[in-house]
Amino acid sequence: MTEALERAVVPPVSDADPFAHEVLVEPEPLHQALREAGPVVYLSRYDVHALARYEQVHAALVDWQHFESGSGVGLANFRHEEPWRTPSLLLEADPPRHDAPRRVLREVLAPPALRRLRETWHTVAEELVDQVLAGGTEFDGFAALAEAFPLRAFPDAVGLGPDGREHLLPYGNMAFNAFGPRNDLVAADAHRVAELSVWVNAQCEREALSEDGFGRQIWDAADRGDLTHEQAPLVVRSLLTAGVDTTVHGLAACLYAFATHPEEWRRLRERPELARAAFEEAVRWQSPVQTFFRTATTDVAIAGTVIPADTKILMFLGAANRDPARWHDPDRFDLTRDPSGHVGFGMGLHQCIGQHVARLEAEALLTALARRVERMELTGTPHRHPNNTLRSWASLPLRVQPAA
Amino acid sequence: MVGTSLVADAGSGAGAERPTPTKAATLTVSAKEDIAEGVVSLTLTHPGGARLPDWTPGSHIDVVLPGGAVRQYSLCGDRWDAYAYRVAVLREPAGRGGSAHVHDRLRPGDRVGVGGPRNHFPLVPSEKYLFIAGGIGITPLLPMMHQAELLGADWQLLYGGRTRSSMAFREELTAAYGERVHVVPQDELGLLDLAAWLGTPRPDTKVYCCGPAPLLAAVEAACVSWPPYALRVERFSAGAQTAPVRNTPFEVELRRTGHTVTVTPDISVLEAVRRAGADVLSSCEQGTCGTCLTTVLEGQPDHRDSVLADHERAANDCMFLCVSRSCGDRLVLDI
Numbered sequence: 000m001t002e003a004l005e006r007a008v009v010p011p012v013s014d015a016d017p018f019a020h021e022v023l024v025e026p027e028p029l030h031q032a033l034r035e036a037g038p039v040v041y042l043s044r045y046d047v048h049a050l051a052r053y054e055q056v057h058a059a060l061v062d063w064q065h066f067e068s069g070s071g072v073g074l075a076n077f078r079h080e081e082p083w084r085t086p087s088l089l090l091e092a093d094p095p096r097h098d099a100p101r102r103v104l105r106e107v108l109a110p111p112a113l114r115r116l117r118e119t120w121h122t123v124a125e126e127l128v129d130q131v132l133a134g135g136t137e138f139d140g141f142a143a144l145a146e147a148f149p150l151r152a153f154p155d156a157v158g159l160g161p162d163g164r165e166h167l168l169p170y171g172n173m174a175f176n177a178f179g180p181r182n183d184l185v186a187a188d189a190h191r192v193a194e195l196s197v198w199v200n201a202q203c204e205r206e207a208l209s210e211d212g213f214g215r216q217i218w219d220a221a222d223r224g225d226l227t228h229e230q231a232p233l234v235v236r237s238l239l240t241a242g243v244d245t246t247v248h249g250l251a252a253c254l255y256a257f258a259t260h261p262e263e264w265r266r267l268r269e270r271p272e273l274a275r276a277a278f279e280e281a282v283r284w285q286s287p288v289q290t291f292f293r294t295a296t297t298d299v300a301i302a303g304t305v306i307p308a309d310t311k312i313l314m315f316l317g318a319a320n321r322d323p324a325r326w327h328d329p330d331r332f333d334l335t336r337d338p339s340g341h342v343g344f345g346m347g348l349h350q351c352i353g354q355h356v357a358r359l360e361a362e363a364l365l366t367a368l369a370r371r372v373e374r375m376e377l378t379g380t381p382h383r384h385p386n387n388t389l390r391s392w393a394s395l396p397l398r399v400q401p402a403a
Numbered sequence: 000m001v002g003t004s005l006v007a008d009a010g011s012g013a014g015a016e017r018p019t020p021t022k023a024a025t026l027t028v029s030a031k032e033d034i035a036e037g038v039v040s041l042t043l044t045h046p047g048g049a050r051l052p053d054w055t056p057g058s059h060i061d062v063v064l065p066g067g068a069v070r071q072y073s074l075c076g077d078r079w080d081a082y083a084y085r086v087a088v089l090r091e092p093a094g095r096g097g098s099a100h101v102h103d104r105l106r107p108g109d110r111v112g113v114g115g116p117r118n119h120f121p122l123v124p125s126e127k128y129l130f131i132a133g134g135i136g137i138t139p140l141l142p143m144m145h146q147a148e149l150l151g152a153d154w155q156l157l158y159g160g161r162t163r164s165s166m167a168f169r170e171e172l173t174a175a176y177g178e179r180v181h182v183v184p185q186d187e188l189g190l191l192d193l194a195a196w197l198g199t200p201r202p203d204t205k206v207y208c209c210g211p212a213p214l215l216a217a218v219e220a221a222c223v224s225w226p227p228y229a230l231r232v233e234r235f236s237a238g239a240q241t242a243p244v245r246n247t248p249f250e251v252e253l254r255r256t257g258h259t260v261t262v263t264p265d266i267s268v269l270e271a272v273r274r275a276g277a278d279v280l281s282s283c284e285q286g287t288c289g290t291c292l293t294t295v296l297e298g299q300p301d302h303r304d305s306v307l308a309d310h311e312r313a314a315n316d317c318m319f320l321c322v323s324r325s326c327g328d329r330l331v332l333d334i
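Chains as they are written, first to last, in numbering that gives the first Met the number 0: chain A, 0 to 403; chain B, 0 to 334.
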């Protein structure tokens, strides 16, 4: 240890604020600067070490032994700070506590288990697209499609009741802000924390969930003893926190990509089976989840820099997904690229467990759009909605030309 | 662009876009040790020193022996060590030759094919556990006891075997856990007194049992009045793998593109399919994330992933291209 410290590389220091509004809205310049500065950069403003290159982000993501999640995957260190809510049994837990919740949710959301949803979601997507087009050829693509589709498909699949679904997006926005510093974005939601939490927690109870959804399957697993009955509502909560906003902004990223890359839309129209690859590339290109933190379990060396035990490491997933050392011409949205290996869903033990759900939703919506829409373009400036963790949107003004 | 490649970057020097080279699921026997009478332990590592896929207590791996025989062994090492798998193998004189091969032929430095890890025997949350091991059945329970300790659960181990010297890990367990461990060599103390241990159902306790079929049957019989799902057993069904695993090339037809590619033993199906120009998404490339799920139209996949349940594997209608292979000469995929 002493020897390692003596030989340790002192990382470059940056006083940049990755959570400043202008950075959240347009993170690429900071990402580039951090990647170029070195494999590890010390962010003095928050006293954290940051990783922005693909190699180091990927390595840290898979190494749960040295980079733990149980102390929180936001800036707050749960070893010293009280979390704002009961920590997630999945995202904010390490083995062995992480095992049973992960296993149960993985089985509920496994690709073979989702096959029964495929037809339903394709139908829902076609109905939505028809309905939007019937209302005119100019609309806000964010509200009309990117928000609307997951809000029709996903809560039904979970088994939520009809009331109060409008709380889902504000809750997610709040939860993802809470991974950052206690800045104005967190303060803006402070007055709603109690109300939204009460609603979400109520939806996680067995009685609130329909017979045939993911939520009830989680409770069934608890009845079999695969989880405890205390764990079941928290596992349902993970679905509601992580399953809505992320998909909404991932779909918005797809629409933005196609509205600004008409040749890629033509390619998708010719080969609609590229829908999945398109979503994957959009997730790489825009990284709906931009950042997550880990906490060093011991003094750990990354590329010669020793990161002290019990300190936070900020991983820039968005920067890794555009690292030119990993991707050719990374700033291009390119359907001919193979986006495999991107870290937009994370990697390793905590890799997004709902990724197959998101892919299925995206495939359904993009396939339906490709069938009905000849061209799409922006009619104004799309607006971002700053969030401490999500690359999120407020509006995406679109004009479409329906297919003949 | 290469030929009919659908991936424009394939031939344009964008090699960096490929994830780390596909890891054929082949591991090196890096250590072999006698750990009890008739029991050897094997330590398996990646030939390139890479991390191995994560696992949980109760997981097993499929080991493909050089003759093509496939055997399942529970992982009994330390999951905090990401670079080595440890299994313990009992010589089974009445077996089909797999264990004899491991004992007599396999040497440090040899390579073996590995599938999984998969877990049909997961440790579920409980305040208390009773672990019951018969002989080599101790292996999946070993990491469970470690985790029960970490979770602060109350637990006990009832460990039976023919003789003291045939009981692997006996000394380590007694040294580490003292009175939690009850060692019952048959030649000294007779059979496990299941009536005494299981006679009264305990609603706060989960019973985990692994061992020979007669022990499993006896424990099941003793637990009939226990709450449903209180008893968890590991059952390795001999003969679950009927077809020998191939170590020779096979063909994969891509039905939609019309291409046929040959998959040689040193490359994955994923790699072969990509070389043919098809664009298949993947992510972890370790058979754990499920991204490269592909529909199988004809043929029988040799599943080596950690994702599919047994009935899904048996359906033969899908596979994960990054690690799984073919049982027969030919697979037809919906690509």
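Even glycine gets a Cβ: it sits at the ideal position worked out from N, Cα and C.
Taking the alpha-carbon positions, what's the residue i to residue j distance?
{"i": "B/Ala313", "j": "A/Leu23", "result": "48 Å"}
{"i": "B/Asp205", "j": "A/Leu50", "result": "Note on residue identity: the sequence assigns Lys, not Asp, to residue 205 of chain B. Those two C-alpha atoms are separated by around 43 Å."}
{"i": "A/Thr122", "j": "A/Ala152", "result": "10 Å"}
{"i": "B/Asn118", "j": "A/His97", "result": "15 Å"}
{"i": "B/Asp77", "j": "B/Tyr176", "result": "16 Å"}
{"i": "A/Val342", "j": "A/Val72", "result": "15 Å"}
{"i": "B/Gly238", "j": "B/Gly115", "result": "Note that B/Gly238 scores 42 on pLDDT, short of 50, meaning its location in the model is unreliable; the coordinates nonetheless yield the value given after this. Whole-angstrom Cα-Cα distance: 17 Å."}
{"i": "B/Ala271", "j": "B/Leu330", "result": "13 Å"}
{"i": "A/Ser209", "j": "B/Leu332", "result": "37 Å"}
{"i": "B/Lys31", "j": "B/Arg106", "result": "7 Å"}
{"i": "A/Ala277", "j": "A/Pro401", "result": "20 Å"}
{"i": "B/Asp309", "j": "B/Leu190", "result": "33 Å"}
{"i": "A/Asn320", "j": "A/Arg205", "result": "39 Å"}
{"i": "B/Asp80", "j": "A/Phe138", "result": "54 Å"}
{"i": "A/Arg194", "j": "A/Thr245", "result": "Here residue 194 of chain A turns out to be Glu, not Arg, going by the sequence shown. Straight-line Cα distance between these residues: approximately 22 Å."}
{"i": "B/Thr287", "j": "B/Pro52", "result": "8 Å"}
{"i": "A/Ala109", "j": "A/Val9", "result": "44 Å"}
{"i": "A/His30", "j": "A/Phe315", "result": "8 Å"}
Looking only at its chain, what residues have a beta carbon closer than 8 Å to the beta carbon of residue i, apart from the 5 residues adjacent to it on each side?
{"i": "A/Thr366", "result": "His121, Ala124, Pro271 and Ala274"}
{"i": "A/Asp440", "result": "With chain A covering 0 to 403 only, the question about residue 440 of chain A has no answer from this structure."}
{"i": "B/Thr173", "result": "Val180 and Val182"}
{"i": "A/Met346", "result": "His57, Leu60 and Val61"}
{"i": "B/Thr21", "result": "Since pLDDT at B/Thr21 reaches only 37, below the 50 mark, its modelled position is unreliable, and no value is offered."}
I'd like the list of long-range same chain contacts for residue i, defined as Cβ closer than 6 Å, with 5 residues on each side in sequence excluded.
{"i": "A/Trp284", "result": "Phe332"}
{"i": "B/Asp153", "result": "Lys127"}
{"i": "B/Val6", "result": "Annotation note: pLDDT 28 at B/Val6 (below 50); position unreliable, coordinate value reported separately. The answer, listed in chain order, is Asp278."}
{"i": "A/Ala143", "result": "Val131"}
{"i": "B/Thr259", "result": "Glu250 and Glu252"}
{"i": "B/Glu163", "result": "One point to set straight first is that residue 163 of chain B is Arg, not Glu, in the sequence displayed. Pro184, listed in sequence order."}
{"i": "A/Gln216", "result": "Val107"}
Tell me which residues share the same chain as residue i and place their Cβ nearer than 7 Å to its Cβ, disregarding the 5 neighbours each side in the sequence.
{"i": "B/Gln146", "result": "Pro56 and Leu122"}
{"i": "A/Asn76", "result": "Ser70, Thr294 and Lys311"}
{"i": "A/His65", "result": "Ala295, Thr296, Thr297 and Val299"}
{"i": "A/Glu52", "result": "A small fix is needed here, since residue 52 of chain A is Arg in this sequence, not Glu. So the list reads Arg34, Pro38, Ala319, Asp322 and Ala324, once near-sequence residues are dropped."}
{"i": "B/Ile137", "result": "Tyr158, Ala167 and Phe168"}
Per DSSP, residue i is paired with what?
{"i": "B/Gly112", "result": "B/Thr25 and B/Val63"}
{"i": "B/Ala35", "result": "B/Val38"}
{"i": "A/Asn387", "result": "A/Asn387 is not bridged to any residue."}
{"i": "B/Ser325", "result": "B/Pro300"}
{"i": "A/Gly343", "result": "A/Gly345"}
{"i": "A/Asp244", "result": "DSSP lists no partner for A/Asp244."}
Query raised in the report: Residues in the region 270–287 of chain A with C-beta within 9 Å of chain B's C-beta atoms, listed in sequence order?
Result: Answer set for the region 270–287 of chain A: Arg270, Glu272, Leu273, Arg275, Ala276 and Glu279.
**Report entry** Interfacial residues, the region 118–139 of chain B to chain A, with Cβ spacing under 8 Å
**Finding:** Taking 8 Å as the Cβ-Cβ cut-off against chain A, the residues of the region 118–139 of chain B that qualify are Asn118, Pro121, Leu122, Val123, Pro124 and Ser125.
Query raised in the report: If contact means a Cβ-Cβ distance below 9 Å, which residues of the region 216–232 of chain B contact chain A?
Result: Per Cβ criterion, the list reads Pro226, Pro227, Tyr228, Ala229 and Arg231.
Report task. List in chain order: all unbroken beta strand (DSSP E) runs of 3+ residues lying wholly within the region 181–250 of chain B. Result -> Restricted to the region 181–250 of chain B, the beta strand (DSSP E) segments that are unbroken, complete and at least 3 residues in length are 204–209 and 230–232, listed in chain order.
Query raised in the report: Of all the alpha helix (DSSP H) runs that stay within the bounds of the region 142–207 of chain A, which reach a length of 4 or more residues?
Result: If only complete runs of 4 or more residues are kept, the region 142–207 of chain A shows the alpha helix (DSSP H) at 147–157, 167–176, 183–188 and 192–202, in order along the chain.
Query raised in the report: Using Cβ-Cβ distances below 7 Å, what residues of the region 46–60 of chain B are close to chain A?
Result: Contacts with chain A (Cβ-Cβ distance below 7 Å) from the region 46–60 of chain B involve Arg50, Asp53 and Thr55, listed in chain order.
**Report entry** 3 or more residues per run - each beta strand (DSSP E) lying fully within the region 296–326 of chain A
**Finding:** At a cut-off of 3 residues, the continuous stretches assigned as beta strand (DSSP E) that sit fully inside the region 296–326 of chain A are 299–301, 304–306 and 311–315.
Query raised in the report: Given a limit of 8 Å on CB to CB distance, which residues of the region 138–172 of chain B reach chain A?
Result: Residues Gln146, Leu149 and Leu150.
Query raised in the report: Taking Cβ-Cβ distances below 9 Å as the criterion, which residues of the region 75–95 of chain B are in contact with chain A?
Result: Only those residues of the region 75–95 of chain B whose C-beta falls short of 9 Å from the nearest C-beta of chain A are listed: Arg78, Trp79, Asp80 and Ala81.
Query - Continuous alpha helix (DSSP H) assignments of at least 4 residues falling wholly in the region 115–184 of chain B - result: Taken in chain order, the complete alpha helix (DSSP H) segments of 4 or more residues contained in the region 115–184 of chain B are 137–149 and 169–176.
Query raised in the report: Given a limit of 8 Å on CB to CB distance, which residues of the region 203–217 of chain B reach chain A?
Result: Result list: Lys205.
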